Amino acid sequence: MPDFRTTIWKSERVYMVDFGRAKTGEAHRRFPDIDDIGYHDDAFAAEHGPILSAMARQTRVTVRFHRAEISGGARLFAVSTDPNLVRITSPAHGRLSADRSQNIEFTAGNAPGPAAIEVRYNWEDGPVLGRLYVRIYARIQVLMRVHLVTIVQRDALGNITAQQGHPNPFFSKNCPNRPARVARVQDFVNRANEAWVPHGIVFTVVDFVDTVWGQPQLGSATLSPNFAELTQAGALSPNRSAVSVNVYCVPTSTMNITGMGIPPAWARSQGLRFPPAPLPPAPAPARHLSSALYLVSSSAATPQTIAHEMGHYMTLCALNPVTGNADQWHSTGDVLGGTHTRDDIVSRRRLMHPMVSIPNAAPSNWRNNTGYGNLAAGSYITYRRLPAAQDITFQESQHARTAAVAPGFYAA
Amino acid sequence: MQLKFLLNLLLAFPVSCGAQKVTVMTPDNNLKSELAQTIAGRNVDTAKALAHRMPPGDAGAVLQDMAANQRSSIRLLVLDIASEVPSEGASRAILSRLQDADLTVRAVANSLIGSCGQKSIVPDLFAAMDQNEDLLAKGAMARQIGTIGDSGDLPRLRERYNKARDPQLRDDLAAAMARLGDERSRNVVVRRLSDSEVDARVKALHDIEYIGDPRLARHFRPVLEDQREAIAISPPHDPRVSARVCDVAAGSLTALGVPLSFRALPLRRLSEPEIQEALQRVMSLENAQ
């Protein structure tokens, strides 16, 4: 049997091998999503192929290899271009089996850098049939302070007259006490990490604090805050940290949301800074931005909510990466004045999925059959950059990493 | 209390005798030593409480000493305390970590550049700016110099502006010089208010908010007359609402403390009478010039 059975036409480009995610269902740090949107990367113009990443020192990172247009009898080898960065641990010696699809496992090196897994024909140094570009990232911990917020109303003497504590179920689970609530949030954060660890980003809860909001923070006597009240209270909150992302778990909100991630630069551009500056010559008090992650504990939020909203906090689809201005809230097509709206298998898989073309309201049937489970949202984070005229929302992996170490990320 | 002091002296004495350099242990030194120990032991709450109790300069000296600790968790704790107890030493601790090998520590230090609020720290900021390759960090340091410096710092900012090639860094340096009163830089920013691009106008407005001089509001007529859509202001998942350039300009008037009968921040889509009132206010500033 010949190794190549595809009829090759004159101007046809044939990809004999391909790569894909090695599992279905929820995101998993060892089985990263692969950016296989075409073969163009504006950021690395010489690279043409699928891309994935891993965090330095990650072990058993697994990717699915497919013999797309080549016989099972063809001898193929998976070879790392830099074993110090990507050391292939399976299959042994890189020799691929005759199976149409099989897993390749590798261990990431200690240092960051770019490498590739090349599929070579017949010998370990034979001709290259395909490449998987691999980026090894240094670890960035995104520090979090989780506030378990209670909302109270007080009378003129300061006595509490009404209060809204956390409901039970808390984030859809029976959590009758504080330890159970802490464990629930911690579990959510751990599972949100599954999508971000391959990008070298690790959400780390530094501490849990009990925080009380009342009229001084919310600006009203509400027990169920709206957007304006939430953002004001987030800025004026007791216990607000200057060295962590403040994660406010609020019992309820009139906003009908599961969560909301507000990056500092977006808050700054909106004037979401409290308390308001008094007119001169009164001295300005210490003022704070509303930047934070807000989660509603009575909602159907999931770990994916944290992964998605933290994407916003890390400026994804909140700031225009070309102009730096706040001009969008979601991904492809949701750009102010943009016409690039689309609804395809790529946009349906994305962690930062579009809002214009794909409604977010339940049931989100459009999410089915995209590889993450029935009605489950995707966790795909893009690597490649496209020309600005085509799409400004890609290159999410690098944008998020840049944002996470930039001045003002932990804006107080 | 006296007994505790004497006990501390006794405890310190053998150490002092054993060393070549004689250290006189005072209550302040004891506190410094205690803070160093609690930081090294990662007793977060105790260390913070102690730092708050101490003279800020003493706490800062300890933070500066411990900022280079081998353990990243200690360096993070140092920065955490530095954010709560500002001092020269705390600022130097922050600046010393801007190029930390651990990206988490570096990220926290970068975020605290704005906490370096002492005029005496300006030379350190210039030095850190020169050593740092990160353009965003350089820009943040330039703006911080603009915030805490004075006109005496203009030549050094100008020198770096002339060398800078990155447009964003040049904007940051120009904004810093403008804030410190440099007329040439102010004119550069003011000219951008009439740029044909919406983004350039919005950026100029934000820069003028940073410069913080309400007299610059007299140049706002072109932006208050600009009804083009500029910034999305709707919460996520809501129907998209955007602020126009004129709404952003009115917001800048509020930020600058120019009296209006309404607040234009947080940003919102203002009514026509509100825009007209803002325009009238700016025209009166033009006439008062």
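Going line by line, the protein sequences match chains A and B.
Reminder that position 398 of the first sequence reads as 466 in the working numbering, one-by-one numbering, no gaps.
Reminder that position 126 of the second sequence reads as 140 in the working numbering, one-by-one numbering, no gaps.
Just so it is clear, CB atoms sit at the ideal spot from N, CA and C, and this is done for glycine as well.
Source: prediction; values computed, not measured.
Self-check item: Cutoff 7 angstroms: residue 85/B Cβ touching any chain A Cβ
Solution: Within the second sequence, residue 85/B is the residue found at index 71, counting from 1. Not a single C-beta of chain A is nearer than 7 angstroms to the C-beta of residue 85/B.
Quiz item: Which of the three DSSP states, helix, strand or coil, is assigned to residue 177/B?
Solution: Residue numbering aside, residue 177/B sits at position 163 when the second sequence is read from its first letter. In the three-state reduction of the DSSP assignment, residue 177/B falls in the helix class.
Quiz prompt | Contact residues within the region 65–97 of chain B, judged by C-beta distance below 7 angstroms to chain A | solution = Correct list: 93, 94, 97.
Practice problem: Tell me residue 21/A's beta-bridge partners as DSSP assigns them. | Solution: Because chain A in this structure spans residues 69 to 480, residue 21/A falls outside the shown range and cannot be described.
Quiz item: Counting only beta-carbon atoms, is residue 298/B nearer than 7 angstroms to chain A?
Solution: Residue mapping note: residue 298/B aligns to position 284 of the second sequence, counting from 1. At a cut-off of 7 angstroms, the C-beta of residue 298/B has no neighbouring C-beta in chain A.
Quiz prompt | Strand pairing of residue 186/A, partner residues [DSSP] | solution = Along the first sequence, read from residue 1 onward, the residue named residue 186/A stands at position 118. Note: residue 186/A sits in a beta bridge opposite 147/A, 199/A.
Quiz item: Is there at least one Cβ from chain B nearer than 7 angstroms to residue 478/A's Cβ?
Solution: Walking along the first sequence from the start, residue 478/A turns up at place 410. At least one CB of chain B lies nearer than 7 angstroms to the CB of residue 478/A.
Exercise. Could you name the residues of the same chain whose beta carbon sits closer than 6 angstroms to that of residue 83/B, not counting the 5 residues immediately before and after it, in chain order?
Key: Position 69 of the second sequence, counted from the start, is the residue given in the question as residue 83/B. Within the same chain, 89 come within 6 angstroms of residue 83/B by CB-CB distance, once the 5 residues on both sides are set aside.
Self-check item: Neighbouring residues, chain B, relative to residue 208/A (Cβ below 8 angstroms)
Solution: Taking the first residue of the first sequence as 1, we reach residue 208/A at position 140. Result: 117, 118, 121.
Exercise. Excluding the 5 residues preceding and the 5 following residue 152/A in the sequence, name in chain order all residues of the same chain whose CB lies nearer than 6 angstroms to its CB.
Key: Residue mapping note: residue 152/A aligns to position 84 of the first sequence, counting from 1. Correct list, in chain order: 177.
Self-check item: Distance between residue 468/A and residue 263/A (C-alpha atoms, nearest Å)
Solution: For this step, residue 263/A is matched to residue 195 along the first sequence. For this step, residue 468/A is matched to residue 400 along the first sequence. In this structure, the alpha-carbon of residue 263/A lies about 13 angstroms from that of residue 468/A.
Practice problem: Kindly indicate which residue of 350/A, 87/A, 103/A, 82/A has the alpha-carbon position closest to the one of residue 451/A. | Solution: For the purposes of this step, residue 451/A is taken as the residue at position 383 of the first sequence. Ranking the options by Cα distance to residue 451/A, first place goes to 103/A.
Quiz item: chain A beta carbons: is any one of them nearer than 7 angstroms to that of residue 267/B?
Solution: The sequence position of residue 267/B within the second sequence is 253, counting from 1. With respect to chain A, the C-beta atom of residue 267/B has no partner C-beta closer than 7 angstroms.
Quiz item: Is it buried or exposed for residue 337/B, if we count other Cβ within 10 angstroms and need 16 for buried?
Solution: Since the first residue of chain B shown is 15 and the last is 303, residue 337/B is not available in this structure.
Quiz item: Roughly how many angstroms lie between the CA atoms of residue 92/A and residue 131/A, to the nearest whole one?
Solution: For this step, residue 92/A is matched to residue 24 along the first sequence. For this step, residue 131/A is matched to residue 63 along the first sequence. CA-CA distance, residue 92/A to residue 131/A, rounds to 12 angstroms.
Practice problem: For residue 336/A, I'd like the list of residues in its chain whose CB is within less than 7 angstroms of its CB, leaving aside the five on either flank, ordered along the chain. | Solution: What you label residue 336/A is simply residue 268 of the first sequence in a count that begins at 1. Once the five neighbours on either side are set aside, the close Cβ partners of residue 336/A are 357.
Quiz item: To the nearest angstrom, how far is it from the Cα of residue 192/A to the Cα of residue 114/B?
Solution: To locate residue 192/A, count along the first sequence from 1; it is residue 124. To locate residue 114/B, count along the second sequence from 1; it is residue 100. Roughly 40 angstroms between the two C-alpha positions.
Quiz item: Mind checking if residue 183/B is an interface residue toward chain A, Cβ cutoff 7 angstroms exclusive?
Solution: Taking the second sequence and counting its residues from 1, the one referred to as residue 183/B is at position 169. False, the Cβ-Cβ gap to chain A never drops below 7 angstroms.
Quiz item: Taking the Cβ atom as the reference point for each residue, do residue 200/A and residue 87/A lie within a distance shorter than 7 angstroms?
Solution: In the first sequence, residue 200/A corresponds to position 132, counting from 1. In the first sequence, residue 87/A corresponds to position 19, counting from 1. In this structure, residue 87/A lies closer than 7 angstroms to residue 200/A by Cβ.
Self-check item: Helix, strand or coil at residue 170/B according to DSSP, with G and I counted as helix
Solution: Taking the second sequence and counting its residues from 1, one reaches residue 170/B at position 156. Residue 170/B falls in the helix class under three-state DSSP.
Practice problem: Have a look at 129/A, 465/A, 214/A, 159/A and flag the residue whose alpha-carbon is nearest the alpha-carbon of residue 187/A. | Solution: By one-based count along the first sequence, residue 187/A stands at place 119. Considering only alpha carbons, the answer is 159/A.
Quiz item: Between the region 448–466 of chain A and the region 114–132 of chain B, do three or more beta carbon pairs fall short of 8 angstroms?
Solution: As far as the Cβ criterion goes, the region 448–466 of chain A does not touch the region 114–132 of chain B, which means the pair count is below three.
Quiz item: Is the region 176–183 of chain B in contact with the region 197–212 of chain B, if contact means three or more CB pairs nearer than 8 angstroms?
Solution: In short, these stretches do not touch, since the Cβ pair count stays below three.
Self-check item: Endpoints, alpha helix (DSSP H) assigned at residue 151/B
Solution: Numbered from 1 along the second sequence, position 137 holds the residue referred to as residue 151/B. Its alpha helix (DSSP H) spans residues 149–162.
Quiz item: Between the C-alpha atoms of residue 174/B and residue 155/B, what's the straight-line distance to the nearest angstrom?
Solution: To locate residue 174/B, count along the second sequence from 1; it is residue 160. To locate residue 155/B, count along the second sequence from 1; it is residue 141. Rounded to whole angstroms, residue 174/B to residue 155/B spans 12 angstroms at the Cα level.
Practice problem: Name the one or two DSSP bridge partners that residue 330/A has. | Solution: As a working mapping, residue 330/A is identified with position 262 in the first sequence. Partner(s): 360/A.
Quiz prompt | The beta strand (DSSP E) enclosing residue 229/A, as first and last residue numbers | solution = As a position in the first sequence, residue 229/A is number 161, starting the count at 1. Here the beta strand (DSSP E) through residue 229/A covers 228–232.
Exercise. For residue 475/A, go through chain B and note every residue whose CB falls closer than 7 angstroms to its CB, in chain order.
Key: Looking up residue 475/A in the first sequence gives position 407. Under the 7 angstroms cutoff, chain B gives 124, 125, 127, 150, 151, 154.
Quiz prompt | Top-ranked residue by Cα proximity to residue 231/A, from 212/A, 300/A, 281/A | solution = Reading the first sequence from its first residue, position 163 is the one you call residue 231/A. Residue 231/A has its Cα closest to that of 281/A, out of 212/A, 300/A, 281/A.
Exercise. Say whether chain B places a C-beta atom closer than 7 angstroms to the C-beta of residue 277/A.
Key: Looking up residue 277/A in the first sequence gives position 209. Under the Cβ distance rule, residue 277/A does not count among the residues neighbouring chain B, no pair being separated by less than 7 angstroms.
Quiz item: How is the beta strand (DSSP E) around residue 317/A delimited, first residue to last?
Solution: In the first sequence, the residue the question calls residue 317/A occupies position 249. Element bounds for residue 317/A: 313–318.
Quiz item: Out of curiosity, what's the CA-to-CA distance linking residue 221/A and residue 279/B?
Solution: Here residue 221/A refers to the residue found at position 153 of the first sequence. Here residue 279/B refers to the residue found at position 265 of the second sequence. Distance between the alpha carbons of residue 221/A and residue 279/B: 26 angstroms.
Quiz item: Alpha carbon to alpha carbon, how far is residue 197/B from residue 221/B?
Solution: In the second sequence, counting from the first residue as 1, residue 197/B sits at position 183. In the second sequence, counting from the first residue as 1, residue 221/B sits at position 207. Roughly 14 angstroms between the two C-alpha positions.
Quiz item: When you compare only the Cα positions, how much space is there between residue 190/A and residue 157/B?
Solution: Start at 1 with the first residue of the first sequence, and residue 190/A comes out as number 122. Start at 1 with the first residue of the second sequence, and residue 157/B comes out as number 143. Here the alpha carbon of residue 190/A sits roughly 59 angstroms from the alpha carbon of residue 157/B.
Quiz prompt | Between the CA atoms of residue 296/B and residue 264/B - distance to the nearest angstrom | solution = For this step, residue 264/B is matched to residue 250 along the second sequence. For this step, residue 296/B is matched to residue 282 along the second sequence. Cα to Cα, the separation comes out at about 10 angstroms.
Self-check item: Cβ-based neighbour list, residue 203/A, same chain, cut-off 6 angstroms, excluding 5 preceding and 5 following
Solution: Position 135 of the first sequence holds residue 203/A. Result list for residue 203/A: 121, 182, in chain order.
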